[in-house]
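Q:
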Amino acid sequence: MFAPNCISHRFISIFYQTGASGIDGILSTAAEYSSSLQTPTTLIVGDVATLHDLNAMHTISADTFPTSPSITTIIVNNNGGGIFSFLPISKHGDDVGFDQYFGTPTDSFSFKKAAEAANLSYRSSNSFDNLQRNYYDALQENNHSIIEANVVGRDINVAVHAEISKLAVEKIDEIMYSSESEINEELIDLNMKETTNNFEKDKTMLLLHGWLGSGEEWDSTVLALSASLPEWRILTIDLPGHGKAKPSLINHSIDSLLKPNDSSLFKRDYSIDGLAEKISEFLHLRGISKLDAVCGYSLGGRVGLAMLRQSLTGQSKLLSEDTTMVLISSNPGDFNTDFGNGSSNIGDDERTKKDDMLASKINDIFIRGYQERQSHIWSAFLNKWYSADLWGDIKQSPSYANMIMRRARHLSNRGSELSTVNTL
Numbered sequence: 000m001f002a003p004n005c006i007s008h009r010f011i012s013i014f015y016q017t018g019a020s021g022i023d024g025i026l027s028t029a030a031e032y033s034s035s036l037q038t039p040t041t042l043i044v045g046d047v048a049t050l051h052d053l054n055a056m057h058t059i060s061a062d063t064f065p066t067s068p069s070i071t072t073i074i075v076n077n078n079g080g081g082i083f084s085f086l087p088i089s090k091h092g093d094d095v096g097f098d099q100y101f102g103t104p105t106d107s108f109s110f111k112k113a114a115e116a117a118n119l120s121y122r123s124s125n126s127f128d129n130l131q132r133n134y135y136d137a138l139q140e141n142n143h144s145i146i147e148a149n150v151v152g153r154d155i156n157v158a159v160h161a162e163i164s165k166l167a168v169e170k171i172d173e174i175m176y177s178s179e180s181e182i183n184e185e186l187i188d189l190n191m192k193e194t195t196n197n198f199e200k201d202k203t204m205l206l207l208h209g210w211l212g213s214g215e216e217w218d219s220t221v222l223a224l225s226a227s228l229p230e231w232r233i234l235t236i237d238l239p240g241h242g243k244a245k246p247s248l249i250n251h252s253i254d255s256l257l258k259p260n261d262s263s264l265f266k267r268d269y270s271i272d273g274l275a276e277k278i279s280e281f282l283h284l285r286g287i288s289k290l291d292a293v294c295g296y297s298l299g300g301r302v303g304l305a306m307l308r309q310s311l312t313g314q315s316k317l318l319s320e321d322t323t324m325v326l327i328s329s330n331p332g333d334f335n336t337d338f339g340n341g342s343s344n345i346g347d348d349e350r351t352k353k354d355d356m357l358a359s360k361i362n363d364i365f366i367r368g369y370q371e372r373q374s375h376i377w378s379a380f381l382n383k384w385y386s387a388d389l390w391g392d393i394k395q396s397p398s399y400a401n402m403i404m405r406r407a408r409h410l411s412n413r414g415s416e417l418s419t420v421n422t423l
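In numbering that gives the first Met the number 0, the protein residues as written are 0 to 423.
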C-alpha cells in the first residue's frame, strides 16, 4: 500500500511519501514504486493531490504501462484541502478567500471522465460498505483502476473530529476523576520543591514564577532566603502548563488547537482564576493549609492575587488578610474592590487583544512545528519578544543564551498549553 502521508499497519507493507509541497507527484511515485517492486499496489490519495499529478493517470494506464502490476488508486474526495479547515485561518472565511485559496474545492472536476480518458477502470463509492465491495472487485479484476470514495465534506469532518475529541476527553475525565470535587493527587503534579534544614518551620512562603518560566528560576533566591529566614518553609512550584508540571490531557485535544483562547473548552482552564484554583488544590493535597507569604513575578503575581481573592471570598482558606503579598513586575489591573462578587473587573481591552494575538501566534507556530518538535523554530519568536523595551538590556546577560535555549525547548513541547494561559 502506498500513501502520501504517514500511516502504520502491522499486517501489510506500507510506503508513504510527502511531496515537495505535501501533495506533489504522489501518483507518479506510486507507479514507480509498484513497477520497481513488481507488486500489486493500492494508492490512497486525496482529491487535491490527485489533481496535482493528474497526468500520471496516463502513465499508469494499461495502454502506456502494460508491464506494471495492478495499481488500485483510491481517491478520497472531500471536495478540497480538508486539512486547512482545522487551522486558525479557516475562521476568517471569505475575508481571506478561504474556500478559494485554502479549501480549493474540486467538485467542478470529474474524476470519472479523467479515468475514462486514461483508459482506467472507474468505480464510485458513497458508503464504507460500497467501498469495501468496490475495492474487492478491483483487486479481483487485477487491472489498473480508480475508486472515488466520496466522503463527508470539510465542515462535517471538522465537527466529527471535534465530537470524537470531546467524547475522548469526557471518557478520560470519567476515568481520571471520580467526581467533580475529588481530584486524584497523582494527576496534579506541579513539581513542588521546598527548603530542607533542621530548623522548625513556623511560616510558609510560596514563590510563583512568570509566564514561560519555571520554579527553578527561583533557585538562587531560595538559597538566599533559606539562609536569612531559616524558620520559613519556602516552596516553589511550576505553574500549570509550565516547566515539569504534569501536562493536562484535556489541553492536548483537537479543540485546543482550533480554539486556543476558549477556556470554556477545558474543565480546568488556564485563566488566572483557573491557575489559582489548581494551585490551591495542589497545595491542599500536599497538606499545606496556610500561606504566610506569597511572592509572585509577573504572571505569578497575578495568580497570587487571584489566590488571595479566592481566599477572601471563601473559595479557599490558604491565604488571609494577614498574608504578605510581594509582587514583582506584576500589574494587578483595575480590580473591583467589591470582593463579594468573587471576580475581578479588568477593563484593559487593549491588553486583552494583545494577549489574544500573542496566544494565536504561539499556537500557529506550535502547529507548524508540531511534527518536527524542534526548539529552534522558537528562537526568532523569543528574540523578538525580549527585544521589547520593558526587558531592558536582558540580551546582554551572560545567561541570556541559555535562557532562550531552555524556553525554546519548553515552547516546542508545551506551546499549545502556554497559548491557553490567559494573563488577564
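Even for Gly, the Cβ is constructed at its ideal location relative to N, Cα and C.
Measuring alpha carbon to alpha carbon, tell me which residue in L189, T41, A113 and G45 is nearest E54.
A: For the purposes of this step, residue 54 is taken as residue 55 along the sequence shown, with counting starting at 1. What sits at residue 54 in the sequence shown is Asn, not Glu. The shortest Cα separation from N54 among L189, T41, A113 and G45 belongs to A113.
Q: Any idea which residues DSSP pairs G45 with across the strands?
A: Residue numbering aside, residue 45 sits at position 46 when the sequence shown is read from its first letter. In DSSP, G45 forms a bridge with V75.
Q: Please confirm whether S120 and N142 have their CB atoms less than 7 Å apart.
A: Locating residue 120 in the sequence shown gives position 121, counting from the first residue. Locating residue 142 in the sequence shown gives position 143, counting from the first residue. Yes, the Cβ-Cβ distance between S120 and N142 is below 7 Å.
Q: With distances taken from CA atoms, which of I287, L274 and L298 is nearest L318?
A: For the purposes of this step, residue 318 is taken as residue 319 along the sequence shown, with counting starting at 1. If we check each option's Cα against that of L318, I287 comes out closest.
Q: Let me check understanding here. Comparing Cα to Cα, which of T58, S27, G414 and L36 lies closest to I43?
A: Reading the sequence shown from its first residue, position 44 is the one you call residue 43. With distances taken between Cα atoms, I43 lies closest to S27.
Q: Determine the direct distance from the alpha carbon of H409 to that of N362, and round the result to whole angstroms.
A: As a first step, residue 362 must be located in the sequence shown, where it is residue number 363. As a first step, residue 409 must be located in the sequence shown, where it is residue number 410. Their backbone Cα atoms lie some 14 Å apart in a straight line.
Q: With DSSP as the reference, please indicate the residues paired to K316 in a beta bridge.
A: Sequence index remark: in the sequence shown, residue 316 carries index 317 (1-based). Looking at the DSSP assignment, K316 forms no beta bridge with any residue, so it has no partner.
Q: Looking at L311 and D237, is the spacing between their C-beta atoms short of 7 Å?
A: By one-based count along the sequence shown, residue 237 stands at place 238. By one-based count along the sequence shown, residue 311 stands at place 312. In this structure, L311 does not lie closer than 7 Å to D237 by Cβ.
Q: Do you know whose CA, among M404, K289, H283 and G209, lies nearest E320's CA?
A: Numbered from 1 along the sequence shown, position 321 holds the residue referred to as residue 320. Ranking M404, K289, H283 and G209 by Cα distance to E320 puts K289 first.
Q: Who pairs with W231 in a beta bridge, going by DSSP?
A: What you label residue 231 is simply residue 232 of the sequence shown in a count that begins at 1. K202.
Q: Please report the distance separating the alpha-carbon of T323 from that of S396.
A: For the purposes of this step, residue 323 is taken as the residue at position 324 of the sequence shown. For the purposes of this step, residue 396 is taken as the residue at position 397 of the sequence shown. Near 31 Å, if we compare the C-alpha coordinates of S396 and T323.
Q: Excluding the 5 residues flanking T105 on each side, which residues of the same chain have their C-beta closer than 8 Å to its C-beta?
A: Taking the first residue of the sequence shown as 1, we reach residue 105 at position 106. The residues are D46, V47, L50, N76, N78 and G79.
Q: Pick out whichever of T419, V151 and G102 has its Cα sitting closest to the Cα of S124.
A: Position 125 of the sequence shown, counting from 1, holds the residue named residue 124. For S124, the nearest C-alpha among the options comes from V151.
Q: Just to confirm before moving on: does the CB-CB distance between G303 and Y269 stay below 7 Å?
A: Within the sequence shown, the letter at position 304 stands for residue 303. Within the sequence shown, the letter at position 270 stands for residue 269. Not closer than 7 Å, so no.
Q: With distances taken from CA atoms, which of S213, S315, S398 and A358 is nearest F380?
A: Taking the first residue of the sequence shown as position 1, residue 380 is located at position 381. Cα-wise, what sits closest to F380 is A358.
Q: Report the rounded CA-to-CA distance for S398 versus L36, giving the unit in angstroms.
A: Mapped onto the sequence shown, residue 398 falls at position 399. Mapped onto the sequence shown, residue 36 falls at position 37. Looking at the two C-alpha atoms, the distance is approximately 55 Å.
Q: For M191, does the three-state DSSP call read helix, strand or coil?
A: As a working mapping, residue 191 is identified with position 192 in the sequence shown. Coil.
Q: Using the DSSP secondary-structure output, state which residues sit across from N129 in a beta bridge.
A: In the sequence shown, counting from the first residue as 1, residue 129 sits at position 130. N129 pairs with nothing; no bridge assigned.
Q: How should G391 be labelled, buried or exposed, when 16 other C-beta atoms within 10 angstroms of its C-beta is the threshold for buried?
A: In the sequence shown, counting from the first residue as 1, residue 391 sits at position 392. Exposed: under 16 other Cβ atoms inside 10 Å.
Q: Return the bridge partner residues of A148 from the DSSP annotation.
A: Reading the sequence shown from its first residue, position 149 is the one you call residue 148. Bridge partners of A148: V75 and S124.
Q: Is F83 helix, strand or coil by DSSP?
A: Along the sequence shown, read from residue 1 onward, the residue named residue 83 stands at position 84. Note: F83 maps to helix in three-state DSSP.
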